[in-house]
Structure formats: structure tokens, C-alpha cells
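For the record, the sequence lines run as chains A and B.
Residue numbers for the first sequence follow numbering that gives the first Met the number 0, so the first one is 0 and each next one is one higher.
Residue numbers for the second sequence follow numbering that gives the first Met the number 0, so the first one is 0 and each next one is one higher.
Positions of the beta carbon are idealized from the N, C-alpha and C atoms, including for glycine.
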Amino acid sequence: MFGYLMISLAVIFVAVFTFLPIIASLGLSLFSWDVISPPTFVGLKNFKRLVADSATVHSFGVTLVLAVGIVALQLSLGLALAVLVNQRTSTWAKTTFRTIFYLPLLASTAAVSIFMGYLFDAKFGVINYYLNLLGISSVPWLTSTWGSMITIVLIAVWQQVGFTFVLFVAALTSVPTDVLEAAAIDGASPLRTLFRVKIPLISPTILFATVVAMINALQLFDQPFIMTKGGPGTATTTATIIMYQTGFQNLQFGYASAIAIVLLLIILAITGIQFLAARKLVFYQ
Amino acid sequence: MSLQAVVTRPRPGLKVANVVGVVVLIIAAMFALGPLLWTLTTSLRTPAEAFTNPPQWLPLHPDFSNYSSVFDQIPIGTFFVNSTIVTGLIVVGQTITCTLSGYAFAMVRFPGKNIIFGIFLATMMVPLQTIIIPVFVIVKDLGLSDSLGSLIVPALGSAFGTFLMRQYFMQMPVELGEAARVDGASRFKVFYLVYARMAAPAIATLAILNFSGFWAEFYRPLIFLQSQDKFTLPLGLVGLQGNLGTGSISVVLAGVILAMIPSVVLFIVAQRYFIAGVTAGSFR
């Protein structure tokens, strides 16, 4: 009885505001509902519509491209910075760099989208100003298809890289020194030690960081919604933006639920693929 | 040669690599800090010169008028209060619900425990977008539409928070509680007086994670709130930017800086819990 009492509050809230909504979302995806009139059962019609709806299919493509770009850059940059900071011997240097790389995470994505929008402005932005000084002509960062996609990736990575960095520094610090000493005695170069000893030893953390970064990136919403409204055209219209527009602007709750379910399935599938691929690559001690 | 000498013996080329490494780190640090520094210094320029290049990296003649303009042009004080209420109540609420449930899942035996905990774990994989429509409908049915309650109530429990607290309680020795029980303490007293106090670091980590997440939250406020007097800071700032256009970006940036101050202060006093939250939060 004591156990049930203790979990009761958490169970009530998780049941009503997480578990029930998952079931309801699955159910709603089989209905047509405009919120005002009662919902009507339509079977798999929403999913058939989704597959044929080029705007929605395109938004899933955009989501995947942006997510892969963000994860690849965030992971490689985070790892490189962590390796470099890990080589520093002074605690002061380690703490300072950790603080600096963590700072962007203290701003909200909304705030970041606002000031980055000014910095990446094609005409008046600071970034094009400095590029011009270097003799490079202005880049249409937010006003061209590729420019806007690259900008969104860069901004997401700028903010999130500290997260990956902190994870990797913690993992690298826990690599046992006797292993590194053994590598040094065998005459392994620092670069060889990095790729043959350190990276294999922290591979579980790398898998972990990849999975988490991917799950987050597939839900990308704030930055494109605030900075480009999904544009220019549909260049940065992610699946979550289409879902928001369908559900909360066009009030097509059934169809929006179907999009949400497909997003969930894609996230589950990609996470599963990552774990399968990792079986060969990840080294567990 | 001693082992230490072998490991630390100078290598040709290592010094160069070392210098290159430091230079790369400093450049990366400049890129990380640059946009934040630009935001701060530009918020101290007059609106007229805010968008002129080159940017002023040192605020030689700081102009604080933007900071009072933010208060004139949007109810940023109200946004601040709203964000504080929402974030504060969620932090307190989850601390209570997750500490209770995390303890029970770790330390108390009862039928169905593993099944219920398994369901909790399964829900952690589901993104917010997938459940937002039903949550929106439930919030409406509860009469919470367009209120701060619409943000607070659905977030008072958390499968992730329960998981985090359970992991921490799992490492604690059961013998302590058994000894207290023999001495006649009730089961709740054992939890409250013995274990909950030892869980302070985990509670702090959960609180920091929740603060960071909900103080910065944009998606749910965008969907749940319509009236400006209910807006939280991120939503209010985006609205401010939309209203003003490019005319007075220094005012918008002053708002951005103001909204960041609580996070920065908290980071300064509780940095280790932010760092602990990264490792813990990555299970999310």
C-alpha cells in the first residue's frame, strides 16, 4: 500500500498527460476532426493522404537532412574540442573552456534564434560584414534554400555542441591511465593512441550522444519556426512545423496526429538502426 | 627509464601539436562567445547605431536606455513573473512527485512495480510533438486554456524525473532504512528523514534540468497561450521582435540579455549540477 501511495502522484500525472495522450494520438490519427464538429472515423485515410502529400513528405526529407547535418557536425566538433581540452593539464584551462562552451546552452532557443537572425542577416549582418572584409561576397544565409538550411544547422550546432562536449570530456577523463601508459610504452603516437585506444574506449558514450542528438534534431522546431517560418519557400519547413500548421492553424487534428505518429515511428526506427549499427562499432569493456 | 619518464618523455612535433591545439581551442571559444558578446554589447548601443557595422565589441559608451525601453514597449515584467511562476511551480512539483515515486520504485516492494516502471520507461522515448494534440485537448477540457496552469499542470509529473531519482536511490544502502525501522520509525519517516536527505544532489540536478528546460521553453507556450499577459519570456521576446521589426534591435537584444540573467546567475552558483545534468539528461 505504501508503495502505491508513494508513486500515486507521479502515476496520475504521467498517465493523464503522457500515457493517455500517446494512446489518444494513435486513435486520433484514424479520425478526421476539426475540433468543432464531432470526430469521424476514417481508418488509414490520414496516412494515405500523408504519403501522397508532397509538402508533408518534403518536410520529412528536410527534417532528415537537417538532423544528419546537425548530428554529424555536433558530434565531430564536440569530440574534437573534448580531445583538445582533455590534453590540457591545468584545471583552470579545463574549467574555463568548459564554461565557455556551455554558455550557449544558457540562452533559450528562442533567444538564440532572435540574435542569430540579426547576425546572419544578409544585408546588415555581422557575419557577412566580416566575410566581405575577407574578400568573400555576401552569403544569402536566410534567403536561399541551401543558405537557410546551412544556417539552421550551424545555429543548432553552435548551441548544442557544449552538451556533447561535456559528455565527451567526462568520458575521456574516465579512460584508465594504465591503458594510456601501456600505449605510450608500446610507442604509440598521440594520434594513434587517440584513434586506437581513447575513441574505442569512449565509444559507448559516442553512441549515446549520437542517439540523443539525433532524437533532439528530428524534433527541430524553434529555430526554423522563429528565424525563417520554414522558408524561403519550404526549404526549412520541418515535419514539426508542418504538424504545427496542420494541427493548430488549420485545425486538422486527425491528420496532424498522423504526422506526429509517423514522426514517432521514424525516431524509433532511426534509434533502432543506430543501436544495430553500433553492435559492430561500439566497444564495451 | 622510469615509467613516468617514458610516458612524459618529450616527443618531436608534440610541442607544435600542443600549440596548434591551444590555438584551435581559442578560436572555438571566440566563436562560442562571439554571438553572446555581440548581443550584450549591441544591447548597450543606441537603437540608431545598433545595426551599423563594424560592431562595437567593447561598450565604450554604454547606453542603458534600451533596458528601460524594453519595459515600455512590452510587459516584460509580466513575462518575467509568468516565467518564474511556471518554472518555479514545475520545479517544486516535480521534485515532490519524482522523489516520492523514484524512491518507491527503487526501495519499496509492491506487486506490479516492474510493469508500471516499464511503462514509465517506454513513455520517455515519445517526443512532445506526438502527444501535444491530446494534451491540448485535455488542458482545454480541464478549463486551463490560455492560462499559466496549462503549462504547469501537465508538467508536474515526469517519467524521466522518476527514472533519474530511482537511479540515485538504487545506489543507497537498504540497511540504513532497516535500522531506522527497527528503531520504530514509520516507512514515510524512513523515506523523509533518512533517504530523501541523502538524495539532495540528485534533487538539485533534477531541479536544474527542469529550470533550464522550462525557463527556455517555447513550443508549449506557443500552442497553449493566446493572451499576451500570460506569455512567458521566450514567447514574449519573439513577439517583441515581430512587433518592432529591425527598427530597434538593441531593445530586443536588451530583452534577450534580461531573460538570460537568471540562467547565468544559477549557472555561476550551481555549475556542477548543470554538468551533472548533462550526463543525467542524456538519458532523456
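Whole-number beta carbon distance between residue j and residue i, since they are thought to touch under 8 Å
i, j, result
"residue 202 (chain A)", "residue 280 (chain A)", "6 Å"
"residue 223 (chain A)", "residue 144 (chain A)", "With 8 Å as the limit, residue 223 (chain A) and residue 144 (chain A) do not qualify as a contact, their Cβ atoms being about 13 Å apart."
"residue 46 (chain B)", "residue 250 (chain B)", "6 Å"
"residue 242 (chain A)", "residue 234 (chain A)", "About 18 Å; that fails the 8 Å criterion."
"residue 265 (chain B)", "residue 213 (chain B)", "At roughly 13 Å, the Cβ-Cβ gap does not stay under 8 Å, so residue 265 (chain B) and residue 213 (chain B) are not in contact."
"residue 129 (chain B)", "residue 110 (chain A)", "Their Cβ separation, rounded to whole angstroms, is 26 Å, which puts residue 129 (chain B) and residue 110 (chain A) out of contact at 8 Å."
"residue 90 (chain B)", "residue 206 (chain B)", "5 Å"
"residue 230 (chain B)", "residue 81 (chain B)", "6 Å"
"residue 168 (chain A)", "residue 84 (chain A)", "6 Å"
"residue 112 (chain A)", "residue 127 (chain A)", "About 18 Å separates the two Cβ atoms, so there is no contact after all."
"residue 31 (chain B)", "residue 107 (chain A)", "The pair is not a contact, with the Cβ atoms about 17 Å apart (cut-off 8 Å)."
Residue i: contacting residues in chain A (beta-carbon distance under 7 Å)
i, result
"residue 56 (chain B)", "What residue 56 (chain B) touches in chain A: nothing, since even the nearest Cβ is about 10 Å away."
"residue 53 (chain B)", "128"
"residue 87 (chain B)", "Ordered by position in chain A, no residue passes the 7 Å Cβ test against residue 87 (chain B), which lies about 17 Å from the chain."
"residue 171 (chain B)", "Here the premise fails: no neighbours, minimum Cβ distance about 15 Å."
"residue 208 (chain B)", "Result: empty, since nearest Cβ-Cβ is about 12 Å, beyond 7 Å."
"residue 186 (chain B)", "1"
"residue 91 (chain B)", "Simply none; closest approach about 13 Å."
"residue 259 (chain B)", "105, 106 and 110"
Short CB-CB distance (under 9 Å) between residue i and chain A
i, result
"residue 17 (chain B)", "yes"
"residue 203 (chain B)", "no"
"residue 233 (chain B)", "yes"
"residue 81 (chain B)", "no"
"residue 180 (chain B)", "no"
"residue 283 (chain B)", "Legend: pLDDT at residue 283 (chain B) = 44, less than 50; position of this residue unreliable, value from coordinates given subsequently. Answer yes: the Cβ-Cβ gap between residue 283 (chain B) and chain A drops below 9 Å somewhere."
"residue 177 (chain B)", "no"
"residue 161 (chain B)", "yes"
"residue 146 (chain B)", "no"
"residue 278 (chain B)", "yes"
"residue 30 (chain B)", "yes"
"residue 217 (chain B)", "yes"
"residue 226 (chain B)", "no"
"residue 27 (chain B)", "yes"
"residue 253 (chain B)", "no"
Cβ of residue i within 9 Å of any chain B Cβ
i, result
"residue 117 (chain A)", "yes"
"residue 270 (chain A)", "yes"
"residue 98 (chain A)", "yes"
"residue 221 (chain A)", "yes"
"residue 175 (chain A)", "no"
"residue 145 (chain A)", "no"
"residue 193 (chain A)", "no"
"residue 161 (chain A)", "yes"
"residue 17 (chain A)", "yes"
"residue 214 (chain A)", "yes"
"residue 239 (chain A)", "yes"
"residue 263 (chain A)", "yes"
"residue 243 (chain A)", "yes"
"residue 30 (chain A)", "no"
Interface residues of chain B facing residue i [CB-CB closer than 8 Å]
i, result
"residue 287 (chain A)", "Here chain A has residues from 0 to 284 only, and residue 287 (chain A) is not among them."
Interface residues of chain A facing residue i [CB-CB closer than 8 Å]
i, result
"residue 262 (chain B)", "105 and 106"
Neighbouring residues, chain B, relative to residue i (Cβ below 9 Å)
i, result
"residue 259 (chain A)", "126, 128, 129, 130, 131 and 132"
"residue 246 (chain A)", "131, 132, 135 and 222"
Boundaries (first-last residue) of the alpha helix (DSSP H) holding residue i
i, result
"residue 180 (chain A)", "176-184"
"residue 229 (chain B)", "Neither: residue 229 (chain B) is in no alpha helix (DSSP H) and is coded neither H nor E."
"residue 135 (chain A)", "No alpha helix (DSSP H) holds residue 135 (chain A); DSSP gives it neither H nor E."
"residue 64 (chain B)", "64-72"
"residue 82 (chain A)", "53-86"
"residue 59 (chain B)", "No alpha helix (DSSP H) contains residue 59 (chain B), which DSSP labels as neither H nor E."
"residue 140 (chain B)", "127-140"
"residue 189 (chain B)", "Here residue 189 (chain B) belongs to no alpha helix (DSSP H), and DSSP marks it neither H nor E."
"residue 81 (chain B)", "75-106"
"residue 209 (chain B)", "199-214"
"residue 6 (chain A)", "1-13"
"residue 112 (chain A)", "108-118"
"residue 226 (chain A)", "221-226"
"residue 123 (chain B)", "112-123"
"residue 187 (chain A)", "Careful: residue 187 (chain A) lies outside any alpha helix (DSSP H) and carries neither H nor E."
"residue 165 (chain B)", "158-169"
"residue 261 (chain B)", "248-268"
Under 7 Å by beta carbon: chain B residues contacting residue i
i, result
"residue 12 (chain A)", "96, 155 and 156"
"residue 86 (chain A)", "20"
"residue 252 (chain A)", "132"
Identity of the residues DSSP links to residue i by a beta bridge
i, result
"residue 192 (chain A)", "Looking at the DSSP assignment, residue 192 (chain A) forms no beta bridge with any residue, so it has no partner."
"residue 31 (chain A)", "A:39"
Partner residues on chain A for residue i, Cβ-Cβ distance less than 9 Å
i, result
"residue 100 (chain B)", "5, 6, 7, 8, 9, 10 and 13"
"residue 273 (chain B)", "101, 104, 105 and 165"
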